[in-house]
Each structure stands twice: as C-alpha cells, then as structure tokens.
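Mapping the sequence shown onto the numbering used here, position 243 (from 1) lands on 258, and the numbers just tick up by one. Cβ coordinates follow ideal geometry from the N, Cα and C atoms, glycine included. Worksheet: one structure, shown below.
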Amino acid sequence: MLIRSSSDIVPSEITPRGVFERRREFLKTASGAALGVALQPLSAAIAGEKLAAAVKSPYSTLETPTPYKDVTGYNNFYEFGTDKTDPAQNAHTLKTRPWTVSIEGMVKHPRTYAIDDLIKLFPLEERIYRMRCVEGWSMVIPWLGLPLASLLKQAEPLGSAKYVEFISAADPKTMPGVSRRLLDWPYVEGLRLDEALNPLTLLAAGLYGEVLPNQNGAPLRLVTPWKYGFKGAKSLVKIRLVDSEPRTAWMKAAPSEYGFYSNVNPAVDHPRWSQATERRIGEFFKRKTLPFNGYGDQVAQMYAGMDLKKFF
Ligand code: MTE
C-alpha cells in the first residue's frame, strides 16, 4: 500500500523545493502544527514565489518526486503548443491576475471567486501524487491544492446535479495555441459527482511549495491521480454542476481513443499502444502500470459493477 496513514505524518512546514531535491529531508517545525492548521494565503501570483505553509496529507505517496525541472519543463498544454517544451517556453504570456473561477450550474450557492480569495478561504494541502499520462510516461508531483469537495460542499450541489464540468480559459490573445483548431476550445473535462467529491480530487494552486508555474496550469487546475493526466484541466475559469455527462475536449477530438472515465487501466490498451507499462520520467527501465495508478483502495468502489473495458 502506497498511501501513508495519518499517524506516519510529520507535521511540518510546506516542503521547500531544495529540500525535496535533497531527497525529501523534511524540515520540522518547532511547534509541530497539527493537520488542519490555517494557512497563509498566496502572497503573490508569481510563479516560483513560495507558498507560505500547507498542511501535509495522508494521501501522499512516499515515492521520490520527479525533479522540478522535469515537472515544469515537460508538459502538455496545447494552448501553448504541442511539443513538450512549448508550454515552458510560451506560457509566460498567460496573465493569471486578475483571475476568477466561478462555480455555477446546479448548485444552491453559485459564486465567482477571485483566485486569491478562493485560496484564502480553503486551506491548501501538500499532496504528493503519482501522475500517469495516457502517452505512457509518469511523474511524482508534490502538489499544493484544496480538495475539490470543500468547494463543492460550500456551493451545495442540487439533487439534480450528477456531473461536474471543468472549463479552462481560452484566450487567443494570451494563449497562442487557441488560434489553431487542434481541439474544440475551450479545453473541457468532466467528472461524475462522486468522483469530484472523492477526497483524492484536488484543485492545485501550487507545486513544490511554490505558486503553480503557468505551464502547469496556473492559477488553478484539476488533479485526479487515478486517471490519465489529460483529465487534469488547466487554468480553470468555470466549474459547472450539470445533470448529464459532459462532452470533453478529447472525447470530441477522438472518441474511440479517449473515454469519459479515463481511469488508469493497464488491462485496457489505447487503440494505438499498450497501457501495461510506463516510463517514470528520469528512470531508464519501464515499470508496470497499476490499476487506478495505485489508488484502487481509495477509488475502486466508485466503479463497482461497471465494465471498465466499456466505460474506459
Ligand atoms: N489542460 C488544458 N487546458 N490544456 C491541455 O492541453 N493537457 C492535459 C492536462 N490538462 C491539457 C490540460 C494533458 S494531456 C496532461 S498529460 C496534463 O494536463 C499535463 O499536466 P502537466 O503538464 O502539469 O504535467
């Protein structure tokens, strides 16, 4: 089992990048702040700026995080180009302040949050997650984020709400790729409501103890570690509760290749390649891909009785 129990956690300051890179010798606070402490908000919106503090999470893996340069230099963000190095090179044009994220649709309390208010209202947690891309590579990323469930609970989904749609920004002035018809913009993703409420589901505002770099989806992006990485819509502007399954950008582009669920599943090949193994960025030998990316204990019950070959 790759999930830590809460009793194993050393409450500490948010782990700085340098500390991770010295093999994660965590700094310990003198006070030993408990899980659930209030946080200082994002003081600035500049990528690389430190996020003051975060609560560590029992959901973190103990695996070694992928080096910062790979996490922030090898990306998929088609709004800034299709090569892996394009987002790091081009995403400086994205303006992440002012920025609002609205929660809307079938909720009792629709609301538009200024991003800095959102981050002040909900404590950020550090979550070190394994991430598996549909293309066959994987990373371990120390995210800073808020559980999506906290935001949804505040909004109070109506009984009719069954799914959540996530909508990315699509501004041709600041996102050059949007002028090319690579996808039907804006980038849209979706989760079933129970998936959205699962404690693993995170809205990330940072990584490696710092404000999220633009290329990783600043200022706020979705993270669902048991699904292929493309579910993690970046630079979110809308989160909408709906009663039918959202049509996602990749389902529109290639429905036979990208299903709605997109759970990591070594038993279901992509039509053009196997999903049985993966290459962890920075490693030479391939490793076996685990069902639900190793998060089965937390998520498999949501799919009980479903044929996961049909609902891929
Ligand atoms: N979100 C938007 N808006 N546009 C994109 O092109 N790419 C997706 C996902 N979210 C994408 C996106 C894909 S294919 C992956 S693998 C992950 O973002 C990559 O996230 P990372 O670059 O932070 O590793």
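Evaluate contact between the stretch 132 to 142 and the stretch 249 to 264, counting only Cβ atoms and requiring at least three cross-stretch pairs below 8 Å. no
In the DSSP assignment, what are the bridge partners of His285? Translated into positions along the sequence shown, residue 285 becomes position 270. DSSP output for His285 lists Trp288 as bridge partner(s).
Touch test, the stretch 200 to 219 against the stretch 283 to 303, Cβ-Cβ under 8 Å, three pairs minimum: no
Looking at C-beta atoms only, is the number of pairs between the stretch 166 to 177 and the stretch 239 to 246 that lie closer than 8 Å three or more? No contact exists between the stretch 166 to 177 and the stretch 239 to 246.
Taking only the alpha-carbon atoms, compute the straight-line gap between Leu290 and Asp284 and give it to the nearest angstrom. The residue given as residue 290 occupies position 275 in the sequence shown. The residue given as residue 284 occupies position 269 in the sequence shown. With the sequence shown as reference, residue 290 is identified as Gln, and Leu is not the correct amino acid for it. Using only the alpha carbons, I get a separation of about 5 Å.
Report all residues from its chain with a CB closer than 7 Å to the CB of Arg145; omit the five preceding and five following residues, and keep chain order. Translated into positions along the sequence shown, residue 145 becomes position 130. Taken in chain order, the residues that qualify are Thr76, Glu78, Ser153, Val155, Pro240, Asn308 and Gly309.
Using alpha carbons as the reference points, say which of Leu218, Trp114 and Tyr89 lies closest to Pro102. For the purposes of this step, residue 102 is identified with residue 87 of the sequence shown, where counting begins at 1. Closest by alpha carbon: Tyr89.
If Pro157 and Glu141 are in contact, beta carbons under 8 Å, what's the gap, nearest whole angstrom? On the sequence shown, position 142 is the one that residue 157 refers to. On the sequence shown, position 126 is the one that residue 141 refers to. Rounded, the Cβ-Cβ distance is 6 Å, consistent with contact.
By the DSSP assignment, the beta strand (DSSP E) with Ile118 in it spans what residues? Looking up residue 118 in the sequence shown gives position 103. Start and end: Thr115 to Gly120.
Can Lys110 be considered in contact with the ligand MTE, in the sense that its beta carbon sits closer than 6 Å to one or more heavy atoms? The count along the sequence shown starts at 1 and reaches residue 110 at position 95. No, the Cβ of Lys110 stays beyond 6 Å of every heavy atom of the ligand MTE.
Hey, would you say Ala184 sits closer than 7 Å to Ser250, going by beta carbons? Within the sequence shown, residue 184 is the residue found at index 169, counting from 1. Within the sequence shown, residue 250 is the residue found at index 235, counting from 1. Yes; because the gap between Cβ atoms is below 7 Å, this pair is in contact.
Would you say Leu206 and Leu218 are within 7 Å of each other, going by their C-beta atoms? What you label residue 206 is simply residue 191 of the sequence shown in a count that begins at 1. What you label residue 218 is simply residue 203 of the sequence shown in a count that begins at 1. Going by C-beta atoms, Leu206 is not nearer than 7 Å to Leu218.
For a quick check, are the C-beta atoms of Ala269 and Tyr202 less than 7 Å apart? Sequence index remark: in the sequence shown, residue 269 carries index 254 (1-based). Sequence index remark: in the sequence shown, residue 202 carries index 187 (1-based). Not a contact, by the Cβ cut-off of 7 Å.
Would the C-beta of Asn90 count as close to the ligand MTE, meaning under 6 Å from any of its heavy atoms? Locating residue 90 in the sequence shown gives position 75, counting from the first residue. Indeed, a heavy atom of the ligand MTE lies less than 6 Å from the Cβ.
Label Ile61 either buried or exposed according to how many other C-beta atoms from any shown protein chain fall within 10 Å of its C-beta, with 16 as the threshold for buried. For the purposes of this step, residue 61 is taken as the residue at position 46 of the sequence shown. With fewer than 16 other Cβ atoms within 10 Å, it is exposed.
Does the distance from the CB of Gly192 to the CB of Tyr93 come in under 7 Å? Here residue 192 is taken as the residue at index 177 of the sequence shown, counted from 1. Here residue 93 is taken as the residue at index 78 of the sequence shown, counted from 1. Yes; because the gap between Cβ atoms is below 7 Å, this pair is in contact.
Let me know if Gly232 comes out buried or exposed under the rule of 16 or more other beta-carbons within 10 Å of its beta-carbon. Counted from its first residue, the sequence shown places residue 232 at position 217. Gly232 is buried by the Cβ-count criterion.
In this structure, how does DSSP classify Ile182 when only helix, strand and coil are distinguished? Your numbering for residue 182 matches position 167 in the sequence shown. Reduced to three states, the DSSP call for Ile182 is strand.
Going along the chain, which residues of its own chain have a beta-carbon closer than 6 Å to the beta-carbon of Asp98, five neighbours each way excluded? Your numbering for residue 98 matches position 83 in the sequence shown. Within the same chain, Asp98 has no close Cβ partners at all.
I need the straight-line Cα distance from Met321 to Thr81, nearest angstrom please. Residue 321 sits at position 306 when you count from the first residue of the sequence shown. Residue 81 sits at position 66 when you count from the first residue of the sequence shown. Each residue's alpha carbon lies about 33 Å from the other.
Going by Cα to Cα distance, which pick from Lys71, Asp85, Cys148 and Ala69 is closest to Gln230? Counted from its first residue, the sequence shown places residue 230 at position 215. Minimum Cα distance to Gln230 is reached at Asp85.
I need the DSSP call for Gly1, collapsed to helix, strand or coil. Coverage of the chain is limited to positions 16 through 327, which leaves residue 1 absent and any answer about it impossible.
Integer Cβ distance of Leu208 from Pro172, believed to fall under 8 Å: Sequence index remark: in the sequence shown, residue 208 carries index 193 (1-based). Sequence index remark: in the sequence shown, residue 172 carries index 157 (1-based). Leu208 to Pro172, Cβ: 6 Å. Contact.
The alpha helix (DSSP H) spanning Leu212 covers which residue range? For the purposes of this step, residue 212 is taken as the residue at position 197 of the sequence shown. Its alpha helix (DSSP H) spans residues Leu208 to Leu212.
Which whole-angstrom value is the C-beta distance of Gly224 and Leu66, which I expect to be below 8 Å? Working through the sequence shown from its first residue, we reach residue 224 at position 209. Working through the sequence shown from its first residue, we reach residue 66 at position 51. About 6 Å; that satisfies the 8 Å criterion.
Nearest neighbour of Val335, chosen from Thr292, Ser271, Arg287 and Lys267 [CA to CA]: Since the first residue of the chain shown is 16 and the last is 327, residue 335 is not available in this structure.
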